[in-house]
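Participant:
In this note's numbering, the protein residues as written are 142 to 665.
Structure representation (structure tokens):
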């Protein structure tokens, strides 16, 4: 369970790095380039979800079961069959990536200029499939640390090589764009360079994991095998495909919903704007979930293993409390300073962002709670949450498509509301499951009501300060001075309402400062 949770948190960190890197890619891609990149990448990710998602976990699980029974030869058979499946499906997926991208760009959304972008992702898909096999092999041989290193390295290599090739191709695209008098050409060249960088990054990860595989080689021995002997080839293939069906359906449904959403409009600029604005809630929510999980997750797992349900409930409540406090503060902060922040972030985009920023942070609150609950409940039997996640993602996707009328503003709003609905359903599911399993109860007054009151007081003061300071100090300086002022006001109200316990202040970063502030307020 411990290794599973560590890999899950590493996955959250990698997702956060990936999201933040998209803000950097926007330097060359702009909204138009991000629209082209999103469509091509979504098509290839749909193929990945269908053919490759979850293969490493299934392979590792089947091989570990046989090794535990002493059936080393059977475990090697599973790994050999898995390698053949990965290789064949990698070649098949490589062809599908190029063909489906050509068809989708040309005939569905009518953006023929980007129809060859899928060819640059073909190499990425093949090496990603082979890396999936090597990841499963490392999981069998207790190479979890190497897996975590490879996950983080993949994101860092993508940033380095993505920028390198994107800059090279962007310079060539500028020349061709000037000759053809078409501004989209340079962005398509930049997308091609970015995808070429992704391919090179996967090659480096493949080399690293292959070296790890040589060090973790499972050797067949002449020892007596456990009961059962060698497996039937057809049974192994059937189990490999059957056991990853849930992951494939869940991932594919999400990608298809986004593709249907994209197909509502051929406005590639509007698609890029929507995606750029949608990145903010995911980045915020991942930061909150990782912050709370780092503070309470390890202690929570220790309490669970020792069957100390009282301590487990305390750490669970502490993590949820921290997530809610940080989320509510940012809700109040962005709602108060939305105008100067919008002018800083949305240069050149004529979109009213007051409602959008409130939706961003609202979705962040819900997503952070859902991700935190998911990380704490990881490693347990999660068939029921997966089934409900299928239904929730389908409902949210239908809602996104229905609310999208074609323009960037409406498409963004539809996506944001669907994320909000999906997160609310996930939170309800995880809270019910945590209560059934360990009698964990979410305290709405302490975790929601009191932080909302404090956030409302903070928002009133920040609105007054923003309206008074922005015309004279400028947008950037106004936002900068509002951060410390808002933090002081918000936490002062929380301390006056006795929302923090002494145990929480000891575990929190800068908790000693808050404790001293609370003592001063008590004296006053």
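By construction, the Cβ of each residue, glycine as well, lies at the ideal position given by its N, Cα and C atoms.
Got a sec: does the ligand SAM put a non-hydrogen atom nearer than 7 Å to the Cβ of residue 313?
Facilitator: Although the ligand SAM was asked about, the structure shown includes no ligands whatsoever.
Participant: Would a C-beta distance cut-off of 8 Å place residue 190 and residue 227 closer than the cut-off?
Facilitator: In this structure, residue 227 does not lie closer than 8 Å to residue 190 by Cβ.
Participant: Would you say residue 562 faces chain D, with C-beta separation under 8 Å as the test?
Facilitator: Any reference to chain D falls outside this structure, which holds one protein chain only.
Participant: Nearest to residue 174 by CA position, among 294, 558, 461 and 254, is which residue?
Facilitator: Comparing Cα positions, the closest option is 254.
Participant: Helix, strand or coil, according to DSSP, for residue 262 in the structure here?
Facilitator: Residue 262: coil per DSSP, three-state reduction.
Participant: Name the residue from 256, 273 and 269 whose alpha carbon lies nearest to the alpha carbon of residue 333.
Facilitator: Out of 256, 273 and 269, 256 has the C-alpha closest to the C-alpha of residue 333.
Participant: Rounded to whole angstroms, what's the CA-CA distance from residue 309 to residue 316? Just pull it up for me.
Facilitator: Rounded to whole angstroms, residue 309 to residue 316 spans 12 Å at the Cα level.
Participant: Quick one: what does DSSP say residue 478 is sitting in, helix, strand or coil?
Facilitator: In the structure shown, residue 478 sits in coil (DSSP, three-state: anything other than H, G, I, E or B).
Participant: Can you check which of these residues, 304, 328, 321 and 291, is closest to residue 344 by C-alpha distance?
Facilitator: For residue 344, the nearest C-alpha among the options comes from 291.
Participant: Return the first residue and the last residue of the alpha helix (DSSP H) that residue 307 is part of.
Facilitator: 285 to 321 is the extent of the alpha helix (DSSP H) around residue 307.
Participant: Would the stretch 243 to 252 count as touching the stretch 188 to 205 if we require 3 or more Cβ pairs under 8 Å?
Facilitator: These segments do not touch.
Participant: Between residue 166 and residue 305, which are expected to be in contact by the criterion C-beta below 8 Å, what is the C-beta distance as a whole number of angstroms?
Facilitator: Actually they do not touch by this definition, with Cβ atoms about 12 Å apart.
Participant: Hey, how far is the Cα of residue 477 from the Cα of residue 156?
Facilitator: So the alpha carbons of these two residues sit roughly 29 Å apart.
Participant: Considering only C-alpha positions, which residue in the set 268, 185 and 202 is nearest to residue 237?
Facilitator: For residue 237, the nearest C-alpha among the options comes from 185.
Participant: Where does residue 351 land, buried or exposed, given buried means 16+ other C-beta within 10 angstroms?
Facilitator: That one is exposed.
Participant: Going straight from the alpha carbon of residue 327 to that of residue 169, what length do you get?
Facilitator: Roughly 9 Å separates the two Cα atoms.
Participant: Per DSSP, what kind of secondary structure is residue 437 in: helix, strand or coil?
Facilitator: Only weak support exists for where residue 437 lies, its pLDDT of 49 falling under 50; the value from the coordinates is given anyway. It is helical.
Participant: Where do the N-terminal and C-terminal ends of the alpha helix (DSSP H) with residue 205 fall, by residue?
Facilitator: Looking at the DSSP string, the run of the alpha helix (DSSP H) that includes residue 205 is 196 to 209.
Participant: Have a look at residue 637 and residue 607 and give me their C-alpha separation to the nearest angstrom.
Facilitator: Cα to Cα, residue 637 sits roughly 25 Å from residue 607.
Participant: Any idea if residue 639 is buried or exposed, counting beta-carbon neighbours within 10 angstroms, 16 or more meaning buried?
Facilitator: Looking at its Cβ environment, which holds fewer than 16 other Cβ atoms inside 10 Å, residue 639 is exposed.
Participant: Please report the straight-line C-alpha distance between residue 269 and residue 235, rounded to a whole angstrom.
Facilitator: If you take the alpha carbons of residue 269 and residue 235, they lie about 10 Å apart.
Participant: Would you give the residue range spanned by the alpha helix (DSSP H) that residue 341 belongs to?
Facilitator: Here the alpha helix (DSSP H) through residue 341 covers 325 to 356.
Participant: In whole angstroms, give me the CA-to-CA distance for residue 299 and residue 265.
Facilitator: Computed Cα separation, rounded: 11 Å.
Participant: What span of residues does the alpha helix (DSSP H) with residue 608 cover, start to end?
Facilitator: Residue 608 -> alpha helix (DSSP H) spans 591 to 614.
Participant: Considering only their Cβ atoms, is the gap separating residue 181 from residue 239 smaller than 8 Å?
Facilitator: Contact flag unset, no.
Participant: Quick one: residues in its chain with C-beta nearer than 6 Å to the C-beta of residue 151, no 5 flanking neighbours on either side, listed in chain order?
Facilitator: The answer, listed in chain order, is 289 and 292.
Participant: Can you check whether the CB of residue 177 is closer than 8 Å to the CB of residue 223?
Facilitator: No, the pair does not count as a contact, with Cβ atoms beyond the cut-off.
Participant: Quick check: the Cα distance between residue 615 and residue 342, rounded to an integer number of angstroms?
Facilitator: So the two alpha carbons sit approximately 41 Å from each other.
Participant: Pick out whichever of 401, 470 and 461 has its Cα sitting closest to the Cα of residue 601.
Facilitator: For residue 601, the nearest C-alpha among the options comes from 470.
Participant: Starting from residue 214, follow the alpha helix (DSSP H) in both directions and report where the run begins and ends.
Facilitator: It spans 213 to 244 - the alpha helix (DSSP H) in which residue 214 sits, taken as one unbroken run.
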